[in-house]
Amino acid sequence: LAFLRDTVGVQHALYQDVRASRIGRVTVERKGRPLATTEITALLKQLPSDAAAMVWSMCALGTLPKEYWGVWRVLPDRIEIDGTKRKGRRRSVPHWTPVVRPLMVARKVARLVSAASGDAVLLKDFRNTFSRWLEEAGVIRSHRSAYMGHGGKSMTEYYELGELPGQFAGDAANAVRSEKLSRH
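In the numbering used here, the protein residues as written are 10 to 193.
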């Protein structure tokens with residue numbers, strides 16, 4: 010409406026038609042929330058073992074549900090993830106803990122997680138958890154950005170992206186040594 014007001018004016022028929030139309034309900038989607046390791050540990054204990062292994066894997070990979078149920082490859086030092094939102098989401102993350110491929114459909118895992126958490130946890134929260142765990146493990150920002158599939162927001166950040174020799178092994182060792190992650 011503001012665009013039409015500024016481009017054709019308030020007297021224009023198109024502006025009047027749009028202004029007269031009913032606007033549908035706007036829903037605000039809940040923002041993702043990282044979970045503390047104590048929350049993840051408690052959640053894993055409440056889930057069946059196959060669902061718990063999948064939740065742990067989503068936390069360790071930093072994937073959204075479509076990515077976890079999508080294509081990813083396990084290599085000795087990293088896990089390559091074919092992102093689903095855009096080409097830039099194709100990324101690699103350190104291989105620091107065992108991960109499992111999906112053992113059941115996403116909808117069933119979402120229901121189990123919802124029941125165990127009282128609707129407080131969504132599958133996409135495990136991506137936020139991964140990001141927070143990387144920070145708490147001392148992984149530098151440029152590596153975290155790359156592992157999340159984010160590009161640089163400035164030219165300096167753009168130049169900082171790129172793999173260094175030993176990066177994945179070093180970040181995996183940091184994750185394992187981290188007090189926050191070793192509680193699992």
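Note that CB positions come from ideal geometry on N, CA and C, so glycine has one too. Predicted model only: the values in this text are computed from it and were never measured.
Through-space distance from E145 to S30, alpha-carbon basis | Position 21 of the sequence shown holds residue 30. Position 136 of the sequence shown holds residue 145. The alpha-carbon separation between S30 and E145 amounts to approximately 49 Å.
May I ask you to check if the CB of R120 is nearer than 8 Å to at least one heavy atom of the ligand FAD?
-> Questions concerning the ligand FAD fall outside what the structure shown contains, since it holds no ligand whatsoever.
Would you mind reading off the limits of the beta strand (DSSP E) that contains S101?
-> The residue you call residue 101 lines up with position 92 of the sequence shown. Residues 100-103.
Contact set for A125: own chain, Cβ-Cβ below 7 Å, skip 5 residues either direction | Against the sequence shown, residue 125 aligns to sequence position 116. Closer than 7 Å at Cβ, skipping near neighbours: L52, Q55, L56.
Nearest-angstrom Cβ-Cβ length linking V83 and H104, presumed shorter than 8 Å = The sequence position of residue 83 within the sequence shown is 74, counting from 1. The sequence position of residue 104 within the sequence shown is 95, counting from 1. Right, their Cβ atoms sit about 7 Å apart.
Mapping DSSP to helix, strand and coil, what is I49?
-> Residue numbering aside, residue 49 sits at position 40 when the sequence shown is read from its first letter. I49 falls in the helix class under three-state DSSP.
Taking C-alpha atoms, which residue in M164, Y156, N137 lies nearest to P43?
-> Mapped onto the sequence shown, residue 43 falls at position 34. Looking at the Cα atoms, N137 is the closest of the given residues.
In this structure, what does DSSP give as the bridge partners for V83?
-> Counting from 1 along the sequence shown, the entry for residue 83 is found at position 74. DSSP output for V83 lists I88 as bridge partner(s).
Inspect the CB distances between the segment 127-141 and the segment 60-74 and report whether three or more fall short of 8 Å.
-> yes
Among S163, Y77, A184, which has the Cα closest to the Cα of R99?
-> What you label residue 99 is simply residue 90 of the sequence shown in a count that begins at 1. Of the candidates S163, Y77, A184, the one whose C-alpha sits nearest the C-alpha of R99 is Y77.
Distance, G71 Cα to T16 Cα = Counting from 1 along the sequence shown, the entry for residue 16 is found at position 7. Counting from 1 along the sequence shown, the entry for residue 71 is found at position 62. Cα-Cα distance, rounded: 43 Å.
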